[in-house]
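Asks:
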Amino acid sequence: MDFKKLLKEIPQGTHIEAPIFDMYIMPYGFLTPDPIEHALFFYYVNARKVYEDFVLDTPIIMEDEADIEYDFRSMFISTAALYDVSPEAMTKAWSVIDRQALALNLPLLPNEYQYRFTESPTVLIQ
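Going by this note's numbering, the sequence shown opens with residue 833, and the numbers climb by one from there.
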């Protein structure tokens, strides 16, 4: 996916703002002002929701219905693009995100590559 091409297709004047989690920046939490940590925290929150809704609690799908598709890899790469940070840099901030999640009594994402990406996922340009 070519994000530079996608950005050109967004109508001029459109303002896209990535959330910054001010309430979790030190001394109130474990995050720093670094956008990499905020990008990974945003991914964590969204990925955890998808994981709980569609992996842990797999919805019943009738024969004639299409299976629900979820792609954590694309979610990870898209979040990096939204924050204008590299996916590689995001992979190095998991310890901060885990500490923040635990401080909030939130469950961690499973320690499996398809959810946590401890190394950069491959970006395919189509």
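Glycine is no exception: its CB is placed at the ideal position from the N, C-alpha and C atoms. Note that this is a predicted model, so its numbers are computed, not measured.
CA-CA distance, A921 and I857?
Replies: Cα to Cα, the separation comes out at about 19 Å.
Asks: Work out the CA separation of F873 and R905 for me, nearest whole Å.
Replies: 15 Å
Asks: Return helix, strand or coil for L956, following the three-state DSSP convention.
Replies: Per-residue confidence for L956 stands at a pLDDT of 46, beneath the threshold of 50, marking its modelled position as unreliable; the derived number appears in the next sentence. Of the three classes helix, strand and coil, the one that applies to L956 here is coil, per DSSP.
Asks: Given that a residue counts as buried once 16 or more other Cβ atoms are within 10 Å of its Cβ, and exposed if not, what is Y860?
Replies: The C-beta of Y860 has fewer than 16 other C-beta atoms within 10 Å across all chains shown, which makes the residue exposed.
Asks: Taking C-alpha atoms, which residue in T923, N943, N937 and A933 lies nearest to E951?
Replies: T923
Asks: Among N937, K837, S927 and Q844, whose alpha-carbon lies nearest the alpha-carbon of N943?
Replies: Of N937, K837, S927 and Q844, the residue nearest in Cα terms is S927.
Asks: May I ask you to list the residues that DSSP assigns as paired with L863?
Replies: I857
Asks: Does the Cβ of T950 lie closer than 6 Å to at least one heavy atom of the ligand PLP?
Replies: This structure lacks the ligand PLP, and indeed carries no ligand of any kind.
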